[in-house]
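Notes for the one structure printed next.
Numbering (mature numbering (1 follows the signal peptide of the UniProt record, and there is no 0)), first residue to last: -22 to -1, 1 to 320.
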């Protein structure tokens, strides 16, 4: 039986924004759509999978256009970037302007680090590259905290810096697993623009000076908020951070010596649809197509690729992680790479 012309479309969905959730019931009329069409079924299945809230019939039609455009791009990506796989996801339902809300590393900023470099206890006796292992993955030692979800808030800068600090406490404090508050960073770091973006280096400055309380004291909302310093939680600080130069060839040694580091990079549309494999996106490709800049945490490497932790939840990429090719300044990753120390 074909359902044509007028169809009353019912959704019972869980609307999720960051860590906050509520149940919403929507009823609206969609005309001129064949809901028995396999493409429409694929589209509505994607809506349900990601618990995507549709406002009305106009929204339904507009996002169908986004979905169809995303499907065309997948074919292009698979033809162009052979080492990786791409898939439909919640970004496939969004316009490019909406996708940009998930990016929040602000680009027009640079300053020299004023903090000294403190050598890692894992450094060894000298800096010989021969002492650096060919393979490194801080996840395998339990030194990477769980993947989180920043939601539709450009707070990647806060999530990446907090993730780096959580890893430092796991490494340097006998695997002390902390769940620190990104919301405090969003609300209180004075040089950021909250959900409209911020700077990882200034976020590390804040962690050094003020410290970060536990998530349980200031839970994440994926929204702008006011700074509240009344938390009774202990605040966890760093002593400083190291700003890497733009020599990617040295990053493996620095990752081995100092632990996971944050990196900022240009984000092209292909990154949003990444599903698995090794991304091979030269810096020029990313710059020409970029939606914005994003901050993530580099946690490992092999001779061929880097491994990084994202903050879009476990549904994205390889359970929330991404692999990308080494040795080509992936999407201008050397622009800003920072490692904190305790």
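All C-beta atoms, glycine included, are put in the ideal place defined by N, C-alpha and C.
In this structure, does DSSP put residue i in helix, strand or coil?
| i | result |
| --- | --- |
| residue 88 | With a pLDDT of 44 at residue 88, under the threshold of 50, the modelled position of that residue is not reliable, and the figure given next carries that caveat. Residue 88 falls in the coil class under three-state DSSP. |
| residue 204 | coil |
| residue 280 | coil |
| residue 155 | coil |
| residue 275 | strand |
| residue 221 | strand |
| residue 112 | coil |
| residue 24 | helix |
| residue 18 | helix |
| residue 313 | helix |
If you draw a straight line from the C-alpha of residue i to the C-alpha of residue j, how long is it?
| i | j | result |
| --- | --- | --- |
| residue 132 | residue 81 | 5 angstroms |
| residue 210 | residue 283 | 42 angstroms |
| residue 305 | residue 19 | 42 angstroms |
| residue 111 | residue 42 | 48 angstroms |
| residue 151 | residue 36 | 53 angstroms |
| residue 74 | residue 175 | 17 angstroms |
| residue 299 | residue 245 | 15 angstroms |
| residue 34 | residue 25 | 13 angstroms |
| residue 78 | residue 269 | 6 angstroms |
| residue 95 | residue 177 | Any reading at residue 95 is ruled out, since the residue's pLDDT is 45, under 50, leaving its predicted position unreliable. |
| residue 228 | residue 243 | 18 angstroms |
| residue 32 | residue 38 | 6 angstroms |
| residue 103 | residue 235 | Any reading at residue 103 needs caution, since the residue's pLDDT is 37, under 50, leaving its predicted position unreliable; the model's value is listed next. Between residue 103 and residue 235, the C-alpha separation is close to 11 angstroms. |
| residue 287 | residue 138 | 8 angstroms |
Could you check where the alpha helix (DSSP H) with residue i kicks off and where it finishes?
| i | result |
| --- | --- |
| residue 290 | From DSSP, residue 290 is part of no alpha helix (DSSP H); its letter is neither H nor E. |
| residue 37 | 35 to 58 |
| residue 234 | 229 to 236 |
| residue 162 | 160 to 166 |
| residue 188 | Per DSSP, residue 188 belongs to no alpha helix (DSSP H) and is neither H nor E. |
| residue 249 | 247 to 250 |
Following a CB-centred definition, is residue i positioned closer than 7 angstroms to any heavy atom of the ligand FAD?
| i | result |
| --- | --- |
| residue 137 | By its list of ligands, the structure shown contains no ligand whatsoever, and the ligand FAD lies outside what it can speak to. |
Look at the Cβ atom of residue i, then the Cβ atom of residue j, and state whether they are nearer than 8 angstroms.
| i | j | result |
| --- | --- | --- |
| residue 240 | residue 156 | no |
| residue 83 | residue 301 | no |
| residue 21 | residue 45 | yes |
| residue 115 | residue 277 | yes |
| residue 121 | residue 154 | no |
| residue 136 | residue 181 | yes |
| residue 165 | residue 291 | no |
| residue 203 | residue 161 | yes |
| residue 69 | residue 56 | no |
Which stretch, first to last residue, makes up the beta strand (DSSP E) that contains residue i?
| i | result |
| --- | --- |
| residue 199 | Run containing residue 199: none; DSSP gives neither H nor E here. |
| residue 405 | There is simply no residue 405 to check, as the chain begins at -22 and stops at 320 in what is shown. |
Hey, residue i and residue j are a contact pair by Cβ (cut 8 angstroms); roughly how many whole angstroms apart?
| i | j | result |
| --- | --- | --- |
| residue 319 | residue 216 | 6 angstroms |
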